[in-house]
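Which chain is which? The protein sequence lines are A and B, in order.
Per this note's numbering, residue 14 is the first one in the first sequence, and the count goes up by one each step.
Per this note's numbering, residue 7 is the first one in the second sequence, and the count goes up by one each step.
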Amino acid sequence: MEFLNVPVLAGMLAGILPVIIHLIHRERPKVIPFTALQFIRQSAKGSSRGIRLKHLLLLLFRVFLVLLFALILARPVVRHASFLASNSEVTRAVIILDDSYLMGVRDSDGLPHFQRAQRLASDLVRSFPPGSAVALFLSSQQPFDFSIDLASVISALELAQPTTRLPSCTRAISRAYEMLGRRGVGLKEIFVFSNLCVGAWMPMTVPPPHNAEQVRLVLVDVAEARGENLAILSARPSSSLVDRNSPVRIDGEVYNSGPTRSCGLDLFVQGQKRASRQVEIPGGKTVTVSFPYEFTEAELAQGSIRLTREDALAVDNERFFTVQVVGPVQAIAVVRPGGDSDAFFTLNALSPSGLRGRERVQIVVTEAGHLTAAPLQDVDVVLVLNGPRLDAREWDQLWRFVDRGGGLGIAFGPSTDPEHYSNLTHLPLRLLGVKEGLETHLALRPEPHPFLDRFRGESLSSISLARFHQFVEVAAPQPGDPLRVLASFSGLPALIEGGIGRGRILVFTSALTTEWSDLPKWPVFPPFLHEFVNYLAGRQVAVTSYHPGEPIPIPVRPDELEAAVNVFEPGSERPVALFVSPSTASALHTAGPALGNAQVFLVSASRTRKLGYSVNLESDAERYHPLGLDVLRKLIPQAEGLTAQDDLTREAAESARGSEITAPLLVLLMLLFCVESFLANRIYR
Amino acid sequence: MPSNAADYLNPDVLQQVARLDLKAKFVVEGFFAGLHRSPFHGFSVEFSEHRKYTLGDEIKMIDWSVYAKTDKLYVRKFQAETNLECFLLVDMSESMAYRHQPRGLSKMDYATCLAAAMGYLLIQQQDPVGLITFDTALRNYLPARSKRGHLVSILGELSRNKPGGRTRLHASLAQAAELLRHRGLVVLFSDLLDDPESVLEGLHLLRFRQHEVIVFHILDRAETEFPFQGMTLFQDVETAERVQVDPESVREAYRAHMEAFLERYRRACERASIDYVQMTTSTPFDSALLEFLVRRERKC
Numbered sequence: 014m015e016f017l018n019v020p021v022l023a024g025m026l027a028g029i030l031p032v033i034i035h036l037i038h039r040e041r042p043k044v045i046p047f048t049a050l051q052f053i054r055q056s057a058k059g060s061s062r063g064i065r066l067k068h069l070l071l072l073l074f075r076v077f078l079v080l081l082f083a084l085i086l087a088r089p090v091v092r093h094a095s096f097l098a099s100n101s102e103v104t105r106a107v108i109i110l111d112d113s114y115l116m117g118v119r120d121s122d123g124l125p126h127f128q129r130a131q132r133l134a135s136d137l138v139r140s141f142p143p144g145s146a147v148a149l150f151l152s153s154q155q156p157f158d159f160s161i162d163l164a165s166v167i168s169a170l171e172l173a174q175p176t177t178r179l180p181s182c183t184r185a186i187s188r189a190y191e192m193l194g195r196r197g198v199g200l201k202e203i204f205v206f207s208n209l210c211v212g213a214w215m216p217m218t219v220p221p222p223h224n225a226e227q228v229r230l231v232l233v234d235v236a237e238a239r240g241e242n243l244a245i246l247s248a249r250p251s252s253s254l255v256d257r258n259s260p261v262r263i264d265g266e267v268y269n270s271g272p273t274r275s276c277g278l279d280l281f282v283q284g285q286k287r288a289s290r291q292v293e294i295p296g297g298k299t300v301t302v303s304f305p306y307e308f309t310e311a312e313l314a315q316g317s318i319r320l321t322r323e324d325a326l327a328v329d330n331e332r333f334f335t336v337q338v339v340g341p342v343q344a345i346a347v348v349r350p351g352g353d354s355d356a357f358f359t360l361n362a363l364s365p366s367g368l369r370g371r372e373r374v375q376i377v378v379t380e381a382g383h384l385t386a387a388p389l390q391d392v393d394v395v396l397v398l399n400g401p402r403l404d405a406r407e408w409d410q411l412w413r414f415v416d417r418g419g420g421l422g423i424a425f426g427p428s429t430d431p432e433h434y435s436n437l438t439h440l441p442l443r444l445l446g447v448k449e450g451l452e453t454h455l456a457l458r459p460e461p462h463p464f465l466d467r468f469r470g471e472s473l474s475s476i477s478l479a480r481f482h483q484f485v486e487v488a489a490p491q492p493g494d495p496l497r498v499l500a501s502f503s504g505l506p507a508l509i510e511g512g513i514g515r516g517r518i519l520v521f522t523s524a525l526t527t528e529w530s531d532l533p534k535w536p537v538f539p540p541f542l543h544e545f546v547n548y549l550a551g552r553q554v555a556v557t558s559y560h561p562g563e564p565i566p567i568p569v570r571p572d573e574l575e576a577a578v579n580v581f582e583p584g585s586e587r588p589v590a591l592f593v594s595p596s597t598a599s600a601l602h603t604a605g606p607a608l609g610n611a612q613v614f615l616v617s618a619s620r621t622r623k624l625g626y627s628v629n630l631e632s633d634a635e636r637y638h639p640l641g642l643d644v645l646r647k648l649i650p651q652a653e654g655l656t657a658q659d660d661l662t663r664e665a666a667e668s669a670r671g672s673e674i675t676a677p678l679l680v681l682l683m684l685l686f687c688v689e690s691f692l693a694n695r696i697y698r
Numbered sequence: 007m008p009s010n011a012a013d014y015l016n017p018d019v020l021q022q023v024a025r026l027d028l029k030a031k032f033v034v035e036g037f038f039a040g041l042h043r044s045p046f047h048g049f050s051v052e053f054s055e056h057r058k059y060t061l062g063d064e065i066k067m068i069d070w071s072v073y074a075k076t077d078k079l080y081v082r083k084f085q086a087e088t089n090l091e092c093f094l095l096v097d098m099s100e101s102m103a104y105r106h107q108p109r110g111l112s113k114m115d116y117a118t119c120l121a122a123a124m125g126y127l128l129i130q131q132q133d134p135v136g137l138i139t140f141d142t143a144l145r146n147y148l149p150a151r152s153k154r155g156h157l158v159s160i161l162g163e164l165s166r167n168k169p170g171g172r173t174r175l176h177a178s179l180a181q182a183a184e185l186l187r188h189r190g191l192v193v194l195f196s197d198l199l200d201d202p203e204s205v206l207e208g209l210h211l212l213r214f215r216q217h218e219v220i221v222f223h224i225l226d227r228a229e230t231e232f233p234f235q236g237m238t239l240f241q242d243v244e245t246a247e248r249v250q251v252d253p254e255s256v257r258e259a260y261r262a263h264m265e266a267f268l269e270r271y272r273r274a275c276e277r278a279s280i281d282y283v284q285m286t287t288s289t290p291f292d293s294a295l296l297e298f299l300v301r302r303e304r305k306c
């Protein structure tokens, strides 16, 4: 016998109360003088002893009643088939099948856990008596309705497949409790078939259900012997935006849940095997394997890292990645006439001479006055360095360039004429003069920004280390101005962002030379300039790896608002058409269950743009750890634990199940109270 | 105070009277007030007087010679006259003091009243009456006399005596038998709560001495019905012995034992030609008196 409310058993101490009451109120018989005592003596032979015995018996009876009452409050459960329930009792049951990808693990005998769960669950459903209502609940899906057609439930069970997701069994249990509710007659049961891997039991708590007393919860561990498994947890290029002909590192994390072993890994790019590695991975550890690679074509490149041999769980043997390979940014640097030195540090940072055509930025220097001759239609970014004076035609040309989508970067310097830059038509700046005689640092605004975020902090990559001696004082933008301050010098604007049409403008109020600061001497200078240029060119690193079921925002350019957006999901040849939201300038998609690489085509009137993303398992090493039944029963105290070796048929379940015997004991208690009243009346009247 | 003399036959009413002589008088007068005819007449031989015939008088008592002379109906009245001495034996043991109802008569009170009334009655008839009181042994002995002054002695003796001592009927009756040399009428007032064998042996001794014996077996109603409730510790009034019982559980058995006890006396007395009258302290006195007179008439 077990008790659902063990602390109440302490109430059995109240069994001493009748004894105390008996001692306190022990009846002192009245003394009556009498004459014919011989007749009393003859009539009451053994009566006194009998009365004392009756009193003792009544006292014991009352103690027993108190103990029984405490026992009932403790809600005893008897595990005995024949006590209350019979295996013919109609059941209302929810069968929860853990269909996470972790259930695809094969045992050492080659049988996947999911298939064993299907068999066990089917056998269980077959053992239910006619009239029972069963609801199948695949943990990744909405539950089926209760059905008394057990054959259809079994059919649905047999058709089920593990998914590529990690649904929560604990949430499914909570939902199943709600489904069973409080009402209804007969047995109410929840059976959960799982191999108890941590990943499928997050969060590891089940809120106390309101009907836990009425519902029997059985957890069935379907894992007999877990096979050895290697899992590729990630396949990450160093960036999702890579330059053509530039070396890239693609890292793969491999987790070994079994003993130490060596394994082979292959790198596939665009469907072709490009490299192979052999590594030894200690048991229970994760090892990172790097593949250096160089993309030679500016295109959407997709690939994967794959284990060379199959293991216990196939679905985690390959991890996919997507990168956008781009060519060099085409830029023009505009300097004052004869001021080639103004571009010296910029040229060396963006396009070092030793790269021999593998530069990430191809930059041409042009003097002010000659800009109109430059082929801006082939240029991504124009950098105006040291604040040279440009004529009106040049500025008009630049505004049109930006309006079409080009990027304009302006850096002031010793030759900057504040008045000239205060009167620009499309850039409402008010330059107040050169600020000098102080030493200041660049302070980034706390708001996140796509290209500035990587330069925050205290490391060498922090832009705030550089010292600035001079800068052009610019009045803070007025409300309504299309300008935004991204960084400041002693509270005055240092980096200002604006825009015209589809293009961006960045204004740096100090110089990109050593005349006004030591910034060019810091290691952060080249990457800062590269990100500066990339941002102006509209090249941004994007997230390209998602889990099944995750939302995927697909950014759409302003000239693509009318474009048709078609997604080819992994392994599918039929596109999914997406709706473009003009307000967010994006199309929203949800990653499907299939793992692999997907392509997105944005087809507008003028051009077709190709994007892509990868769908990978949601996994880390922790999620593979098996939870024991003991651990789960501590987390869910009302649960019973069974293994695949146990007989799960209805008959066996009945014999194992506990029947709470509170109700019959209450009836017994009431009967005993009646008997007590009768006895007390007989003895004390 | 009761308006009718017959009310004094009720023991509860009589208890309001303090003096024993008045009690005796009231009982006797009440007794006669309830009778249609005198039970005394008819067993004496000496003519006393005439009186007018009244309805209810026996026809045989009409003096037809007077009728012939006066043409009126007169009945003859006779003075009671007998040599039969009557001895009243009153049990004064502690058990006779028992009363269940605190305001009721004890067996002792009842026996005293009854004995006094009988003494009064007999003295009125000029019959000799004696008194013996006893408990463990004889306490007092008043020889039988028929003088009116003797009644004062009897009543005084009865009212002075207080119950005490254990019941030893056999010894007391044996002593009484030794004392009473002449044949007479012995009236015993007792609860007879002693060994029946010894009691009957004592009674047989009296019978052996040629005494006519009338036994008034006086018990309290509680002794016959055992009406107690709840767990009770009974204490013997004579021996202080205690017995704890649940009266409910033993009542039936008690009554059976009591009935057997009474039946045994009844049968034994019948076999020994002893008149046995069983009564409780709530029995009206006229029943007892009538019983006495009827049996006395039969024995004389």
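We put the CB at the ideal spot given by N, CA and C, even for glycine.
This one's a predicted model, so the numbers in the text were calculated from it and none came from an experiment.
Interface partners of S56 of chain A on chain B, CB under 7 Å: Chain B residues near S56 of chain A: V256, A259, Y260 and H263.
Within chain B, partners of L50 of chain A - CB distance below 7 Å: Here the neighbours are F240, D242, E247 and V249.
Whole-angstrom distance between F464 of chain A and H439 of chain A, CA atom to CA atom: Near 24 Å, if we compare the C-alpha coordinates of F464 of chain A and H439 of chain A.
Where L445 of chain A falls, given that 16 or more other Cβ within 10 Å makes a residue buried: Flag for L445 of chain A reads exposed.
Pair within 9 Å by beta-carbon distance, L396 of chain A and I345 of chain A: It is a contact, given that the beta carbons lie within the stated cut-off.
Endpoints, the beta strand (DSSP E) within which M285 of chain B is located: Counting along the chain, M285 of chain B sits inside the beta strand (DSSP E) bounded by residues D281 to T286.
I29 of chain A and V251 of chain B closer than 9 Å at C-beta: Cβ distance not < 9 Å, so I29 of chain A and V251 of chain B don't count as in contact.
T526 of chain A, buried or exposed, once every other Cβ within 10 Å from all chains shown has been counted against 16: Around the beta carbon of T526 of chain A, 16 or more other beta carbons lie within 10 angstroms, which makes this residue buried.
F140 of chain B classed as buried or exposed, judged by whether at least 16 other C-beta atoms fall within 10 angstroms: So F140 of chain B ends up on the buried side.
Residue span of the beta strand (DSSP E) that contains T379 of chain A, given as start and end: Run containing T379 of chain A: V374 to E380, per the beta strand (DSSP E) assignment.
Run of the alpha helix (DSSP H) containing Q250 of chain B, from where it starts to where it stops: No alpha helix (DSSP H) contains Q250 of chain B, which is instead part of the beta strand (DSSP E) from R248 to V251.
Cβ contact (3+ pairs, closer than 8 Å) linking the region 564–577 of chain A and the region 358–371 of chain A: Touching, no.
Members of the region 211–231 of chain B that neighbour chain A once the beta carbon cut-off is set at 7 Å: For the region 211–231 of chain B, the set of residues with a beta-carbon nearer than 7 Å to any beta-carbon of chain A comprises E229, in chain order.
Beta-ladder partner(s) of G265 of chain A, from DSSP: Looking at the DSSP assignment, G265 of chain A forms a beta bridge with A:A248 and A:V302.
Candidates A:L655, A:E689, A:G419 and A:L508: closest to L137 of chain A by CA position: Nearest neighbour of L137 of chain A by Cα position, chosen from A:L655, A:E689, A:G419 and A:L508, turns out to be A:L655.
Delimiting residues of the alpha helix (DSSP H) encompassing K75 of chain B: Where K75 of chain B is concerned, the enclosing alpha helix (DSSP H) stretches over W70 to T76.
Coarse secondary structure for N242 of chain A, derived from DSSP in three states: Coil, per DSSP.
Simplified DSSP assignment, three categories, for A604 of chain A: DSSP places A604 of chain A in the coil class of the three-state scheme, outside both helix and strand.
Neighbouring residues, chain B, relative to I64 of chain A (Cβ below 9 Å): Within 9 Å Cβ-Cβ: M237, Q250, V251, D252 and S255.
8 Å contact criterion, which A524 of chain A and A424 of chain A should meet: CB distance rounded: The C-beta separation of A524 of chain A from A424 of chain A comes to about 6 Å, placing the pair in contact by the 8 Å criterion.
Contact test: R257 of chain B Cβ vs the ligand FMN heavy atom, cutoff 8 Å: Questions concerning the ligand FMN fall outside what the structure shown contains, since it holds no ligand whatsoever.
R105 of chain B beta carbon less than 9 Å from that of S112 of chain B: Yes, the pair counts as a contact, with Cβ atoms nearer than the cut-off.
Boundaries (first-last residue) of the alpha helix (DSSP H) holding P31 of chain A: P31 of chain A -> alpha helix (DSSP H) spans I29 to I37.
L199 of chain B: contacting residues in chain A (beta-carbon distance under 7 Å): In chain order, T48 and A49 make up the part of chain A whose C-beta sits under 7 Å from the C-beta of L199 of chain B.
Contact list for S101 of chain B against chain A, beta-carbon separation under 8 Å: Here the neighbours are T48.
Residues of the region 121–143 of chain B with Cβ closer than 8 Å to any Cβ of chain A, in chain order: If the cut-off is 8 Å between Cβ atoms, the region 121–143 of chain B has nothing near chain A.
Cβ-Cβ separation, F47 of chain A to Q241 of chain B (assumed contact under 8 Å), whole Å: Here Q241 of chain B really is in contact with F47 of chain A; their C-beta atoms are around 7 Å apart, less than 8 Å.
Residue environment, V487 of chain A, which counts as buried when at least 16 other CB atoms sit within 10 Å: It is buried - the Cβ of V487 of chain A has at least 16 other Cβ atoms within 10 Å.
Alpha carbon of R274 of chain A to alpha carbon of P595 of chain A, nearest angstrom: About 53 Å.
Paired residues, beta bridge with P506 of chain A - DSSP: DSSP lists A:S501 as partners of P506 of chain A.
Boundaries (first-last residue) of the beta strand (DSSP E) holding L191 of chain B: Counted as a single uninterrupted DSSP element, the beta strand (DSSP E) harbouring L191 of chain B occupies residues G190 to S196.
is_contact[E689 of chain A, chain B] using C-beta, thresh 9 Å: By this cut-off, E689 of chain A is not an interface position.
Bounding residues of the beta strand (DSSP E) (the contiguous stretch that carries R132 of chain A): For R132 of chain A, no beta strand (DSSP E) segment is defined; the enclosing uninterrupted segment is the alpha helix (DSSP H) at H126 to S140.
Own chain residues within Cβ distance below 6 Å of T238 of chain B, not counting five before or after: Hits under 6 Å: P253.
CA nearest to the CA of I108 of chain A, picked from A:I318, A:S317, A:P561 and A:S135: I108 of chain A has its Cα closest to that of A:S135, out of A:I318, A:S317, A:P561 and A:S135.
Continuous alpha helix (DSSP H) stretch holding Y147 of chain B: start and end: Element bounds for Y147 of chain B: not the alpha helix (DSSP H) but the beta strand (DSSP E), L144 to R151.
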